[in-house]
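Participant: I am attaching a structure below and will ask some questions about it afterwards.
Right, here's the structure in full:
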């Protein structure tokens with residue numbers, strides 16, 4: 001039976017929609033919160049294929065299930081890291097048989113993995129009269145067993161990004177996705193698979209954690225990891241044909257960019273991608289530049305899924321791996337709420353010789369005899385008077401208030417200053433009670 005839409009019924013329907021919008025979406029918009037979708041625990045089946053049987057939570061599960069066969073991981077390192085850091089990274093891979101391509105500033109081989117020299121094919125005019133490439137020449141002349149870092153070797157880093165794109169396309173032409181990372185980048189493979197399975201590699205995508213430079217294209221922070229789809233890499237290759245001479249000889253040029261005058265490789269890459277018609281889709285905080293100890297836990301980083309983290313040391317990787325093996329419900333997507341369980345036991349009312357990296361709130365500097373900078377107690381009192389404050393840091397000359405929960409690090413006395421940190425435990429408890437448990441992992445909408 002058809003329902004006749006009278007003016008009264010239309011008015012009622014509009015009223016119901018307005019109430020729903022005002023109660024559900026408007027408060028979030030007014031608070032400036034990002035939109036999100038709830039990540040499916042398992043990607044939906046497609047017309048051509050059933051749901052893959054991935055045992056989420058098991059070590060290397062997406063790889064052993066064969067769902068990451070067309071995902072290439074691209075690792076960028078410096079020559080000085082080959083002997084000292086790369087073996088540790090390869091050991092961490094364990095049984096995860098991922099498709100890994102490694103680029104450096106010198107050709108090498110470690111544990112059966114070939115290391116390509118991203119700069120080997122550059123035409124001479126790019127190296128001529130460029131002091132940075134004097135460093136490159138010194139690296140080529142080193143003994144094969146040389147393990148020391150070359151002074152200023154970091155200056156070559158920005159030159160690798162663009163040639164690396166052509167090399168990657170040449171070496172892995174059949175891959176669907178390319179994940180670029182560094183030695184201290186953590187990747188949650190389960191969440192990466194869940195994330196990528198919602199997109200088509202036939203569309204040009206550039207994913208990562210956005211950095212917003214003034215008057216320049218927004219770019220993905222390299223250390224946090226970034227992703228290019230096959231279609232995006234194809235667009236770069238199409239632009240590169242204007243400058244390259246032989247498709248079988250990759251990495252001969254810089255796509256018309258004067259790299260020597262630029263700051264950073266990840267920023268330069270974004271410029272070339274934009275010229276190719278590919279702009280960044282930012283997925284912070286899922287792609288993240290912090291590690292567990294420095295992470296800001298707040299309303300933007302609680303129920304959101306974690307794909308990457310950055311700046312992890314070898315001991316950080318070990319601790320995180322141990323915790324992940326024992327975490328509750330490992331089959332569920334890792335979110336910040338769960339990661340907080342890892343650091344929470346170390347958070348207490350007061351911690352001496354410690355910086356909890358309080359930020360987001362006021363920083364009081366010692367100018368008066370009274371006030372927050374007078375003592376630890378006064379600094380704590382200033383935090384308690386500020387409704388947004390959940391932690392504080394006192395160093396004798398400064399009192400910093402924090403609006404996010406952070407653990408931080410040990411801080412020895414320096415130049416007569418001694419650091420003391422504290423947390424407002426009842427506010428942290430109230431924060432958790434208001435937001436936990438998370439009803440599924442949030443997949444934030446892109447920004448930009």
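In the UniProt record's numbering, the protein residues as written are 1 to 448. Even glycine gets a Cβ: it sits at the ideal position worked out from N, Cα and C.
Out of 162, 174 and 194, which one is the CA nearest neighbour of residue 180?
Facilitator: The residue with the shortest Cα to Cα distance from residue 180 is 162.
Participant: Taking residue 392 and residue 371 to be in contact with their CB atoms under 8 Å, please state how far apart those CB atoms are, rounded to whole angstroms.
Facilitator: Residue 392 to residue 371, Cβ: 13 Å. No contact.
Participant: Mapping DSSP to helix, strand and coil, what is residue 1?
Facilitator: Confidence at residue 1 is low in this model, with a pLDDT of 46, below 50, so the placement of that residue should be treated as unreliable; the coordinate-derived value is given next. It is coil, neither helix nor strand.
Participant: For the beta strand (DSSP E) that residue 72 lies in, which residues bound it at each end?
Facilitator: Where residue 72 is concerned, the enclosing beta strand (DSSP E) stretches over 71-76.
Participant: If we cut at 7 Å on Cβ distances, does residue 183 have a partner in chain D?
Facilitator: As a matter of chain content, chain D is missing from the structure shown, which is built from one protein chain.
Participant: Output needed for residue 280: all residues of its chain with C-beta closer than 7 Å, excluding positions within five of it in sequence on either side, in chain order.
Facilitator: Result list for residue 280: 206, 208, 210, 218, 219, 220, 270 and 448, in chain order.
Participant: Tell me, to the nearest whole angstrom, how far the beta carbon of residue 185 is from that of residue 223; I am working on the premise that it is less than 8 Å.
Facilitator: That pair is a contact at about 6 Å.
Participant: Kindly provide the ranges of any alpha helix (DSSP H) runs that are 4 or more residues long and lie completely inside the region 200-270, ordered along the chain.
Facilitator: Correct list: 230-240.
Participant: Looking only at its chain, what residues have a beta carbon closer than 7 Å to the beta carbon of residue 152, apart from the 5 residues adjacent to it on each side?
Facilitator: Cβ within range, chain order: 135.
Participant: Let's see if you can read the secondary structure: which residues bound the alpha helix (DSSP H) around residue 36?
Facilitator: Note, residue 36: premise wrong, no alpha helix (DSSP H); beta strand (DSSP E) at 36-38.
Participant: Could you say if the region 341-348 and the region 371-387 meet the contact criterion of at least three C-beta pairs nearer than 8 Å?
Facilitator: Segments in contact, no.
Participant: Quick check: what's the CA-CA separation for residue 98 versus residue 351?
Facilitator: When rounded, the distance between both Cα atoms is 42 Å.
Participant: Should residue 35 go down as buried or exposed, given a rule of 16 or more other Cβ atoms within 10 Å for buried?
Facilitator: So residue 35 ends up on the exposed side.
Participant: The alpha helix (DSSP H) with residue 315 in it runs from where to where?
Facilitator: Note, residue 315: alpha helix (DSSP H), 314-326.
Participant: Give the single residue among 84, 428 and 358 whose Cα lies nearest to the Cα of residue 395.
Facilitator: Among 84, 428 and 358, the Cα nearest to that of residue 395 is on 358.
Participant: Could you tell me which whole beta strand (DSSP E) segments of length 3 or greater appear in the region 320-388?
Facilitator: Counting whole runs of 3 or more residues, the region 320-388 contains the beta strand (DSSP E) stretches 350-352 and 360-365.
Participant: What are the boundary residues of the beta strand (DSSP E) that residue 402 is part of?
Facilitator: Looking at the DSSP string, the run of the beta strand (DSSP E) that includes residue 402 is 398-402.
Participant: Would residue 250 be called buried (16 or more neighbouring beta carbons within 10 Å of its own) or exposed?
Facilitator: The residue is buried, with at least 16 neighbouring Cβ atoms inside 10 Å.
Participant: With DSSP collapsed to three states, give me the class of residue 436.
Facilitator: In this structure, residue 436 counts as coil in the three-state DSSP scheme.
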